[in-house]
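Protein sequences, first through last, are from chains A and B.
Quick note on numbering: the working numbering labels position 19 of the first sequence as 19, and the sequence is numbered without any gaps.
Quick note on numbering: the working numbering labels position 10 of the second sequence as 10, and the sequence is numbered without any gaps.
Here is the structure we will look at.
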Amino acid sequence: MIKVQEEDFSLTDEITFLKKRCNNIGALSTFIGIVRDKREDEKLVSMTLEHYPGMTEKMLNKINTEALSRWDLLDTTIIHRYGKLLPGEQIVLVITASKHRKEAIESCHFIIDWLKTKGPFWKYEKTVDKGFWVDAKSQDLDEELKWNN
Amino acid sequence: MKVLYFSWIKDKLGKSHEEIQVSDNIKTINDLITLLKQNNENYKDVFKDTSSIKVSINMETAKFEDSINDNDEVAFFPPMTGG
C-alpha cells in the first residue's frame, strides 16, 4: 500500500491495517523518518517537502515492486508526507511484512535507501533567519548503490 | 511541450512550469536546454552545470541525450532528497 499525503500517519493504525490485509505474518520491520530539530548548529523552524505529483506515486510503486521482486514479502506499506513539517514530525513510514525476519529487515532497509535518492522529493529547511534547499548527500547515493551488488 | 521546474531551479527561474513551443530541430533534452538558455541569464545560470541537475521525461528519469517530442512532459530538478 502506497500513500503520498500531507497529513500525519499512525504506526499503530498502519500495522493494524496491514495485519488485516494478510495472514501468516511472522515478521514486521518498520522505519519512520523524523524531522530533526537542528540544521547543523542552528535551530530548525520548519522543513517543507516539495514533490512531483504523479512521478512520486510512480517512483514509489517502482521501488515497492523492486522490493517485492527481491524478497519474499507478504505485504508492504509506504507512506511519504509532503508540505510543511515541524521538528519532531514524522516524514516517512515503511513497513515490510514477511514470514521470517531476514526478508522484512533487509527489504525495509532497501526501500528507505532507494526512497532517499529515487523519491522525487526536495527538502527546504528554514532556520530563524534563513532558508535552504537541502543538498543530496553522496553518502545516500553510496547507500543506494550498495543494493546493486 | 510542458516543462516543469522544482526546488532551487523553480526559485531561480521564478516559475514552476511553462509551455514551450518546440520546433522540429529540438530533438533531445540537450537541444531543449540550448533553447531555454537563450531566454535570459537566469536560465543560463541554472543550466550552466548540468551535472548538478536531473531530468525526467513523462515522469520517468531520463538522460540529457534522450529524445523528446512536443507531447512530452519534461521536468528539471536537483538530485532527489526523499525519505
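Every residue, glycine too, gets a C-beta built ideally from N, C-alpha and C.
* Asked: How would you call B:K10, buried or exposed, if buried means at least 16 neighbouring beta carbons within 10 angstroms?
  -> buried
* Could you check what DSSP says for A:H76 in three-state terms: helix, strand or coil? => As written in the sequence, residue 76 of chain A is Thr, which differs from the His given in the question. Reduced to three states, the DSSP call for A:T76 is strand.
* Where does A:I111 sit, in a helix, a strand or coil, going by DSSP? -> helix
* **Within-8 Å CB hit, B:S86 to chain A** => Only positions 1 to 83 of chain B appear in the structure, and residue 86 of chain B is not among them; the question remains open.
* To do: With hydrogens ignored, establish whether the beta-carbon of B:I33 is closer than 7 Å to any heavy atom of the ligand SAH.
  => Although the ligand SAH was asked about, the structure shown includes no ligands whatsoever.
* To do: Taking only the alpha-carbon atoms, compute the straight-line gap between A:M1 and B:N40 and give it to the nearest angstrom.
  => CA-to-CA, the gap between A:M1 and B:N40 works out to about 44 Å.
* **Runs of beta strand (DSSP E) wholly within the segment 42–95 of chain A (minimum 3 residues, chain order)** => For the segment 42–95 of chain A, whole beta strand (DSSP E) runs of length 3 or above, ordered along the chain, are 42–51, 75–81 and 83–85.
* Asked: In chain order, what residues of the same chain lie with their CB nearer than 8 Å to the CB of A:R39, ignoring the 5 residues before and after it?
  -> For A:R39, where only same-chain residues beyond five positions count, the Cβ hits under 8 Å are E125, T127 and F132.
* **Opening and closing residue of the alpha helix (DSSP H) in which B:I29 lies** => I29 to K37
* Asked: Can you give the Cα-Cα distance for A:L49 and A:G88, rounded to whole angstroms?
  -> 14 Å
* To do: Could you pull out every residue in the same chain whose Cβ sits closer than 6 Å to the Cβ of A:V92, ignoring the five residues on either side in sequence?
  => G33 and H80
* Asked: Can A:L44 and A:D37 be called in contact, C-beta distance under 8 Å?
  -> yes
* Interface residues of the segment 84–95 of chain A facing chain B [CB-CB below 8 Å] -> Within the segment 84–95 of chain A, contact with chain B at the beta-carbon level (separation under 8 Å) is assigned to I91 and V92.
* **C-alpha distance - A:L18 paired with B:I29, whole-angstrom precision** => Rounded to the nearest angstrom, the two C-alpha atoms are 42 Å apart.
* Residue range of the alpha helix (DSSP H) that includes B:S7 -> First-last of the alpha helix (DSSP H) with B:S7: S7 to L13.
* Contact between the segment 60–75 of chain A and the segment 136–146 of chain A: three or more CB pairs below 8 Å? -> no
* Could you spell out where the beta strand (DSSP E) holding B:E60 opens and where it closes? => E60 to A62
* To do: Apply the 10 Å Cβ neighbour rule to A:L74 and answer buried if 16 or more other Cβ atoms are within range, or exposed otherwise.
  => buried
* Using three-state DSSP, classify A:K123 as helix, strand or coil. => strand
* To do: Count the C-beta pairs between the segment 69–82 of chain B and the segment 112–120 of chain A that are closer than 8 Å, then say yes if the count reaches three, no if not.
  => yes
* To do: Consult DSSP for A:R101 and reduce its assignment to one of helix, strand or coil.
  => helix
* Within chain B, partners of A:Y52 - CB distance below 8 Å -> L4, F6, S56, M59, A75 and F77
* Taking only beta-carbon atoms, is B:G14 less than 8 Å away from chain A? -> no
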